[in-house]
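Let me begin by presenting the structure, written as structure tokens, before commenting on it.
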Amino acid sequence: MQGIKVIFRKELADHFSSYRFIIIFALIAMVSLITAYMVGLNIRQQLEGVAKPRFIFLMLFTAPGAMFSLVQFVAFFGPLVGLILGFDTINRERNEGTLSKLLAQPIYRDVVINGKFLAGVAMISIMLVSIVLVITGLGLLVMGIVPGLEEIWRILIYLVISIIYISFWLGVAILFSIIFRSTATSALAALAVWIFFSFFVSIGASILGNALAGDTPQSDTAAVVRQARIVKAVQLTSPMKLYTDATATIIDPMRKSTRSIVSMGPMENLSMARFSGPLPLSQSILIVIPYLISLVAITIICFAVSYMVFMRQEIRSM
Amino acid sequence: MNTPAIIETHELTKKYNGSVAVDHISFSVGEGEIFGFLGPNGAGKTTTLLMLLGLTEPTSGTARVMGLDPVRDPIKVKSKIGYLQENMGFYPDLNAVQMLRFIGELNGLSGSRAEERIRSALEAVGLASEAEKKIRAYSRGMRQRLGLAELLIKDSRVAFLDEPTLGLDPDATNRMMDLIEQLSRERKMTVLLSSHLLNQVQKICHRVGIMIKGRMVAQGPMDRLAKEKLGIGPEQYTLEEIYMKYFQEA
Ligand SMILES: Nc1ncnc2c1ncn2[C@@H]1O[C@H](COP(=O)(O)OP(=O)(O)OP(=O)(O)O)[C@@H](O)[C@H]1O
Ligand SMILES: [Mg+2]
Chain A
543 MQGIKVIFRK ELADHFSSYR FIIIFALIAM VSLITAYMVG LNIRQQLEGV
593 AKPRFIFLML FTAPGAMFSL VQFVAFFGPL VGLILGFDTI NRERNEGTLS
643 KLLAQPIYRD VVINGKFLAG VAMISIMLVS IVLVITGLGL LVMGIVPGLE
693 EIWRILIYLV ISIIYISFWL GVAILFSIIF RSTATSALAA LAVWIFFSFF
743 VSIGASILGN ALAGDTPQSD TAAVVRQARI VKAVQLTSPM KLYTDATATI
793 IDPMRKSTRS IVSMGPMENL SMARFSGPLP LSQSILIVIP YLISLVAITI
843 ICFAVSYMVF MRQEIRSM
Chain B
450 MNTPAIIETH ELTKKYNGSV AVDHISFSVG EGEIFGFLGP NGAGKTTTLL
500 MLLGLTEPTS GTARVMGLDP VRDPIKVKSK IGYLQENMGF YPDLNAVQML
550 RFIGELNGLS GSRAEERIRS ALEAVGLASE AEKKIRAYSR GMRQRLGLAE
600 LLIKDSRVAF LDEPTLGLDP DATNRMMDLI EQLSRERKMT VLLSSHLLNQ
650 VQKICHRVGI MIKGRMVAQG PMDRLAKEKL GIGPEQYTLE EIYMKYFQEA
């Protein structure tokens with residue numbers, strides 16, 4: 543892989559010096575700070591006089607602040623970061639004529655995509671890690687609670703899953719930048735896919751579930767379960783659903799199952815905690831692994847398609 | 450020419466969705482030679498260069514560059530050839546030094562050896578004083594000279610120059626051609642050059658190939674072409690006359 547380091551470094555430097563990156567970063571930092579701060583205050587107020595529940599620190603990430611919990615925020619807007627980082631990766635270079643300059647050097651074509659992808663992943667990691675660090679620090683200050691070892695582990699796993707998740711979207715964006723010659727088109731296409739998976743799939747899933755299972759009376763338990771299964775299967779075609787399910791188990795151990803993230807107030811969380819014991823870390827990981835594998839798999843598929851298209855493409859812009 | 454062939458093609462052909470861009474062309478270029486590629490727009494000059502570089506796959510036929518097959522060994526071929534592309538293709542946000550450093554790194558050149566080479570290359574093409582300027586702010590002629598500096602960084606023994614004088618004023622054109630000739634002479638660089646400026650080509654090229662609609666209609670030293678086509682001896686022809694003759698016939 544000669545040259546991959548060179549491309550990686552150049553790309554990283556480009557990212558750091560681009561306004562685009564600074565704007566995204568400022569936006570994310572702002573929202574996560576505000577959210578975490580409000581959640582922290584909320585939790586502290588409600589905890590006065592109550593015995594400390596377990597995993598209180600994780601609630602910083604899962605309890606909704608102003609509108610979103612931080613986890614929901616990343617699930618929803620994280621994809622946008624990936625898309626924005628990648629939608630013009632290849633076509634911009636093609637339009638500026640720098641792509642043929644690059645490919646006239648003694649490097650393989652896939653090195654170009656790999657180097658750029660890795661630089662994007664590095665960018666995403668830096669963003670996520672710094673956000674989590676800021677929130678952790680703020681949590682310490684506002685709540686005055688030190689996270690336990692298990693909580694730190696859970697946050698780390700959450701970070702890894704999130705990085706993979708946003709990297710998947712980066713891969714989608716890079717694929718579009720290879721397929722479409724115009725950067726505006728690839729941006730639009732990426733946006734359309736994002737909207738499709740954010741809104742359409744969950745709506746479509748329930749419609750499909752209803753259609754396939756028919757009008758079931760609530761008393762027919764088997765039919766209701768069947769319908770729920772169909773809905774879930776369809777929803778899992780969405781990377782967003784894969785991600786929210788996977789992270790919910792990890793960062794919200796009280797849930798015990800991978801239900802969808804409905805916003806729950808901190809008090810609700812607390813009351814649940816009273817009735818059910820938390821899922822141990824090892825169990826949480828076991829539940830998450832299939833989701834993780836699916837996320838990695840779709841990222842690889844996306845990449846494989848990128849390779850195939852890019853390798854065959856005529857270099858000359860038309 | 451009795452020097453060994455550095456570039457050789459045999460029945461090289463490229464079709465784009467059925468339409469022929471390059472039509473069974475065969476030619477060879479010897480070591481240290483400057484070969485001029487002439488032809489109207491869309492004749493297939495750029496396409497031929499891209500095939501020789503391994504950037505585009507030929508539909509049929511074969512090519513050899515320094516004994517290597519660009520289809521099978523594109524990496525090796527690319528490490529040996531310096532390519533000045535039609536539209537330059539520099540990153541506008543880099544300055545000349547950064548751009549050349551990047552190219553050097555991609556070619557496995559780094560550290561003080563790279564810096565030294567960058568400095569001397571920029572000096573050789575007369576850009577040393579503007580090395581810290583962003584390429585965005587470069588004029589067309591400066592970009593073209595930066596393109597030549599890039600060849601020096603790679604220390605290529607073979608150079609493909611696609612319209613190196615495109616858009617240059619007459620004075621800059623002359624200096625560019627002199628620079629190319631000097632590089633070829635001093636470094637024994639083999640140059641394949643496409644151009645529309647016939648009298649310039651006439652001045653520095655040892656041999657020319659005339660391409661029309663994808664076919665190579667004539668190739669050889671200009672004297673011979675003149676004698677064949679116009680029936681006149683050397684000193685009396687201009688390349689323009691030869692070219693127009695072929696052009697009218699096609
Ligand atoms: N990607 C492509 N798809 C389809 N046809 C193409 C493509 N690239 C080039 N062509 C066609 O191939 C032919 C040769 O083009 P080429 O660029 O090689 O000509 P040229 O001699 O370099 O012309 P110019 O002097 O204008 O640079 C043209 O007819 C062009 O339309
Ligand atoms: Mg051309």
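So the protein sequences, as listed, match chains A and B.
Heads up, the first sequence is in this note's numbering, so the first residue is 543 and it goes up one at a time.
Heads up, the second sequence is in this note's numbering, so the first residue is 450 and it goes up one at a time.
All residues carry an ideal CB built from backbone N, CA and C; glycine is no exception.
In this text, all values refer to a predicted model and were calculated from it rather than measured experimentally.
With its beta carbon at least 8 Å from every one in chain B, T631 (chain A) lies outside the interface. Across the structure, F718 (chain A) and A732 (chain A) are spaced so that their CA atoms are roughly 7 Å apart. In the DSSP assignment, F476 (chain B) falls within the beta strand (DSSP E) that extends over 468-479. Of all C-beta pairs linking the segment 626-637 of chain B to the segment 554-565 of chain B, fewer than three are shorter than 8 Å, placing the two stretches out of contact. By the rule of a C-beta closer than 6 Å to any heavy atom of ligand 2, the residues picked out are B:K494, B:T495, B:E535, B:D611. Nearest CB-CB separation between E553 (chain A) and chain B: not below the 8 Å threshold. Look at N623 (chain B): its beta carbon is at least 7 Å from all of the heavy atoms in ligand 1. Take the alpha-carbon of I546 (chain A) and the one of V653 (chain A): they are about 5 Å apart. Remark: the shortest separation between the CB of N490 (chain B) and any heavy atom of ligand 1 falls under 7 Å.
For V607 (chain B), the enclosing beta strand (DSSP E) stretches over residues 607-611. Nearest CB-CB separation between Q587 (chain A) and chain B: not below the 8 Å threshold. For F845 (chain A), the three-state secondary structure derived from DSSP is helix. The Cβ atoms of A545 (chain B) and A573 (chain B) do not sit closer than 8 Å to each other. Inclusion of I626 (chain A) and I566 (chain A) in the CB contact set at 8 Å is warranted, their separation being smaller than that value.
For K637 (chain B), there is no enclosing alpha helix (DSSP H), as DSSP gives it neither H nor E.
Looking at B:P453, B:M500, B:E535, B:I653, the one whose alpha-carbon comes closest to that of A470 (chain B) is B:M500. In the displayed model, V674 (chain A) falls within a helix according to three-state DSSP. At a cut-off of 7 Å, the beta-carbon of Y532 (chain B) does not count as near ligand 1: no heavy atom of the ligand is closer than that.
A distance criterion of 7 Å places the beta-carbon of R858 (chain A) in contact range of ligand 1, judged by its closest non-hydrogen atom. For Q593 (chain B), no chain A residue has a Cβ inside 7 Å of its Cβ, as the nearest lies near 14 Å away. Residue contact check for M500 (chain B) against chain A: no CB pair falls below 8 Å. Per DSSP, reduced to three states, the secondary structure at N544 (chain B) is strand. Going by DSSP, G531 (chain B) is part of the beta strand (DSSP E) stretching over 530-533.
Counting only Cβ-Cβ distances below 7 Å, G751 (chain A) has no contacts in chain B at all, with the closest Cβ about 45 Å away.
The nearest non-hydrogen atom of ligand 1 is 7 Å or more from the C-beta of A667 (chain B). Closest in alpha carbon position to L837 (chain A), among A:G681, A:A764, A:A788, is A:A788. The bridge partners DSSP lists for Q668 (chain B) are B:G658. The Cβ neighbour count for R854 (chain A), taken over all protein chains shown within 10 Å, is under 16; the residue is labelled exposed. As computed with DSSP, G485 (chain B) is found in a beta bridge with B:L642, B:V657. Runs of beta strand (DSSP E) with 3 or more residues, each lying fully within the segment 543-617 of chain B, are found at 607-611, listed in chain order.
With contacts defined by Cβ atoms closer than 8 Å, V657 (chain B) and Q649 (chain B) do not form a contacting pair. A buried status is given to S780 (chain A), since no fewer than 16 other beta-carbon atoms sit within 10 Å of its beta-carbon. Partner residues in a beta bridge of A571 (chain A), as assigned by DSSP, do not exist. Within the segment 624-650 of chain A, those residues whose Cβ lies closer than 8 Å to any Cβ of chain B are, in chain order, E638, G639, T640, L641, S642, K643, L644, L645, A646, Q647, P648, I649, Y650. Taking 8 Å as the threshold, the shortest C-beta distance from S528 (chain B) to chain A falls below it. Shown here for V847 (chain A): same chain residues with a beta carbon closer than 7 Å to its own, the five before and five after excluded, namely L717 in chain order.
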